[in-house]
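Visitor:
So, in structure tokens, the structure goes:
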């Protein structure tokens, strides 16, 4: 046994294994190519928003996923970083402060760090519920202050500025969306890499230990409180970077950047993506931004769908979307994914009918209750139907019941196939 | 002086209303160790159900029926939702109730829309109970005080004097032992959750006509409720009562007295700068007490946590 241990210490793994670098290179290439695929202004705006959300969600997951701290007021650190950067931009414009725009996120991050240091000094004393409640209180306090302290927060209209007034960097003045996209993308990669490397340091590992068993970590000689405090500060730093990127992109910050709704949505994004994985928040941010843009085009009650999706995720898939994908790695490694194709194909049809009939019921009910008087026609999946007559509703409910029954009937088969696919035969 | 008494009474109404929410929340917290983020949402559901029932059969049946319906919904959510999430730990539980709060707000908007409902106090209570130096005090507020105190006394009686209350108290501290003695602890949890949400719903029905019945009412009160129980000490019923009253009075008095910061600063010998609009300290000079009112509970929470981390009456360090 001991010999084996020595051997494994002796065989040196390369410092940077190619398997670990490859995803980053692919991501960088992807970010470079995206503007060629979606060159329109709207496309660039959505991509910028996505990048900012990714940085914010990754920073949030440094707390929730890696240190096990649930914050209900995390928009504050991003928002304050953003407000601070907005003031810096105004200083550049009016008081000839020399500050090249690409360096701005660094200052946003520093401000986020300072603020997280101050708040963390008393909020990180305990984890779990108490930390969550204090973060909520602090978040609400700052959000309420933003209306009172007009000098810094600009009252109800917020603070706005102009990013193009600084010194030019290599001939760029960052007036076009494309230049801002590349600036955001570079900072996205830098921040993501920074957060990834942080999670690999001994500090990041100890944060995991404190998350899993704080008492035991304490007995090993690590102050659980300091570990949480440092995690909190690091998270605040990257939130500040996200805030600065927001300031650069939108050139305005308001009370909305600080309030509970923003803090809540970042929790939703991170959890939907999957808190247990580094890429979870990335996937969450991309999917959420797309859902938000696409769903809100088609339906007024997209937030209801999102709420249902969130609650169902917490109940049935606590490891999120990424967890759902990662579940299939084991069958894949055992090369048994083939076993799953047939049951998946069998259940897909009824499941889709179930989904769409549920959507149909909600859309019909919503239209029937809230349409203006006289307009009884509504458009549902390309069909024009009368929402006030009972026939479409009865058909939808019927379809829902039938498909639910079929799914219930097929579920045990899928479960058996899943067990088979995950089961490794003993080698003879 | 008369204004002072009116404010004392108004603050009492707000405080007791807060307490009706806080007591249920505290009970659920000390039993299951989970803070129900959606508690204020059940309060909102109570107000909406109360309104809907009052449009058919009047206010009084609504006061009885709405809490029962909400209590059943709450118990069902505990049975089929929370109990499932419980196995993953406390943080997912908190996230679940947070998602529930979002969902309930959306569901309310789905059925009732975004505008305020015309939920009116019953005609029988639309008179001035008494007046203090010309300030009429509505009978409805007296009624609110009595309902809140009544609910509290019933709760206290059940918890301390009845057999079922003893079992609940025992299940709070030693759930396994109580289970081994043959009591159905999961059923007790479900019942407590149902009763807690029903109490929130009673608060909703009686507050709906006064504070307005609209989709934002849960968020408006929700974070104050959490601040209150953190100040009072998590899990302490008496602490929750004291903190509720404290915050009720704090908010009422802050809204009623228009103290200006400028007066205060001049009183201690500072002179107001001439170019106030340009000065960085302009906000400090133009600050008034009603403006600061909304942030006072949060400030109080931070002060309490800094000086006494376990809250006013808490036993455990928070």
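Chains as they are written, first to last, in this note's numbering: chain R, 2 to 429; chain Y, 75 to 392. All C-beta atoms in this analysis are idealised placements derived from N, C-alpha and C, irrespective of residue type, glycine included. Bear in mind the structure is a predicted one, so any value in this text is a computation, not a measurement.
How about residue 263/Y: is its Cβ closer than 6 Å to a heavy atom in the ligand ADP?
Guide: Although the ligand ADP was asked about, the structure shown includes no ligands whatsoever.
Visitor: Determine which residues share a DSSP beta bridge with residue 128/R and list them.
Guide: Its beta-bridge partners do not exist; DSSP assigns none.
Visitor: Going along chain B in order, which residues have a C-beta closer than 7 Å to the C-beta of residue 133/R?
Guide: Among the chains of the structure shown, chain B does not appear; the protein chains present are R and Y.
Visitor: Under 7 Å, Cβ to Cβ, is there at least one residue of chain R near residue 392/Y?
Guide: Residue confidence is low: residue 392/Y scores 39 on pLDDT, short of 50, so the model does not pin down where it sits. Its coordinate-derived value is still stated next. Yes, because at least one Cβ of chain R sits closer than 7 Å to the Cβ of residue 392/Y.
Visitor: Comparing alpha-carbon positions, which option in 370/Y, 292/Y, 359/Y, 284/Y lies nearest residue 321/Y?
Guide: Of the candidates 370/Y, 292/Y, 359/Y, 284/Y, the one whose C-alpha sits nearest the C-alpha of residue 321/Y is 370/Y.
Visitor: Beta-carbon of residue 164/Y versus every beta-carbon of chain R: anything under 7 Å?
Guide: yes
Visitor: Measure the C-alpha to C-alpha separation of residue 242/Y and residue 235/Y and round it to an integer number of angstroms.
Guide: 11 Å
Visitor: Closer than 8 Å is the cut-off here; do at least three beta carbon pairs connect the segment 87 to 101 of chain R with the segment 53 to 61 of chain R?
Guide: no
Visitor: Note down the Cα distance separating residue 303/Y from residue 254/R, rounded to an integer number of angstroms.
Guide: Each residue's Cα considered, the two are about 32 Å apart.
Visitor: Identify whether residue 202/Y lies in helix, strand or coil by the three-state DSSP scheme.
Guide: strand
Visitor: Note down the Cα distance separating residue 176/Y from residue 309/R, rounded to an integer number of angstroms.
Guide: 9 Å
Visitor: Starting from the beta carbon of residue 368/Y, find every residue of chain R whose beta carbon is closer than 7 Å, and list them in chain order.
Guide: 145
Visitor: Should residue 144/Y be labelled buried (16 or more other beta-carbon atoms within 10 Å of its own) or exposed?
Guide: buried
Visitor: Report back the beta-carbon spacing between residue 118/Y and residue 225/Y to the nearest angstrom; my notes put them in contact at under 8 Å.
Guide: Actually they do not touch by this definition, with Cβ atoms about 18 Å apart.
Visitor: Please give me, in chain order, every unbroken run of the alpha helix (DSSP H) with length at least 4 that falls completely inside the segment 197 to 248 of chain Y.
Guide: Segments of the alpha helix (DSSP H) lying fully in the segment 197 to 248 of chain Y: 213 to 235, 237 to 247.
Visitor: Assuming residue 126/R and residue 260/Y make a contact with CB atoms under 8 Å, what is their CB distance in whole Å?
Guide: With a Cβ gap of about 33 Å, residue 126/R and residue 260/Y do not count as contacting.
Visitor: Tell me, please, which residues DSSP counts as bridged to residue 358/R.
Guide: Looking at the DSSP assignment, residue 358/R forms no beta bridge with any residue, so it has no partner.
Visitor: Could you tell me which chain Y residues have their CB closer than 7 Å to the CB of residue 130/R, listed as they occur along the chain?
Guide: 109, 164, 168
Visitor: Tell me where the beta strand (DSSP E) around residue 378/R begins and ends.
Guide: 378 to 381
Visitor: For residue 142/R and chain Y, any beta-carbon pair shorter than 7 Å?
Guide: yes
Visitor: What three-state label does DSSP hand residue 8/R in the structure shown?
Guide: For residue 8/R, the predicted structure reports a pLDDT of 43, less than 50, and the residue's modelled location is therefore unreliable. A value from the coordinates is still provided. The answer is helix: DSSP assigns residue 8/R an H, G or I state.
Visitor: Short of 7 Å in beta carbon distance, which residues of its chain neighbour residue 78/R, apart from the five on each side in sequence? Order them along the chain.
Guide: 113, 116, 117, 237, 240, 241
Visitor: Any C-beta of chain Y within less than 9 Å: which residues of the segment 356 to 370 of chain R qualify?
Guide: Listed by position, the residues of the segment 356 to 370 of chain R near chain Y (Cβ gap below 9 Å) are 363, 366, 367, 370.
Visitor: Determine, using beta carbons only, whether residue 173/Y comes closer than 7 Å to chain R.
Guide: yes
Visitor: Can you pull the chain R neighbours of residue 365/Y, defined as C-beta to C-beta under 7 Å?
Guide: 149
Visitor: Any residues in the segment 300 to 322 of chain R with a beta carbon nearer than 7 Å to a beta carbon of chain Y? Which ones, in chain order?
Guide: So the list reads 302, 304, 305, 308, 309, 311, 312, 315, 316, 319, given in the order they occur along the chain.
Visitor: Residues of chain Y with CB closer than 9 Å to the CB of residue 416/R, please, in chain order.
Guide: The contacting residues do not exist; residue 416/R stays about 17 Å from chain Y at best.
Visitor: Using only CA atoms, which one of 223/Y, 298/Y, 193/Y lies nearest to residue 123/Y?
Guide: Considering only alpha carbons, the answer is 193/Y.
Visitor: Helix, strand or coil, according to DSSP, for residue 334/Y in the structure here?
Guide: strand
Visitor: Counting C-beta neighbours from all protein chains within 10 Å, is the total for residue 381/Y 16 or more, i.e. buried, or is it exposed?
Guide: exposed
Visitor: Using the Cα positions of residue 2/R and residue 160/Y, report the straight-line distance between them to the nearest angstrom.
Guide: The predicted position of residue 2/R is uncertain, since its pLDDT is 37 and thus under 50; a value taken from the coordinates is nonetheless stated next. Rounded to whole angstroms, residue 2/R to residue 160/Y spans 40 Å at the Cα level.
Visitor: Cα separation between residue 347/R and residue 237/Y?
Guide: Take the alpha-carbon of residue 347/R and the one of residue 237/Y: they are about 54 Å apart.
Visitor: Give me the Cα-Cα distance between residue 328/Y and residue 104/Y, rounded to the nearest whole angstrom.
Guide: 32 Å
Visitor: Could you tell me how far apart the beta carbons of residue 311/Y and residue 97/Y are, in whole angstroms, since I believe they sit closer than 8 Å?
Guide: 6 Å
Visitor: What are the uninterrupted segments assigned as alpha helix (DSSP H) that are 4 or more residues long and contained completely in the segment 146 to 226 of chain R, given in chain order?
Guide: With a minimum length of 4 residues, the continuous alpha helix (DSSP H) runs that stay inside the segment 146 to 226 of chain R are 151 to 154, 178 to 201, 203 to 213, 215 to 220.
Visitor: Any C-beta of chain Y sitting closer than 7 Å to the C-beta of residue 118/R?
Guide: no
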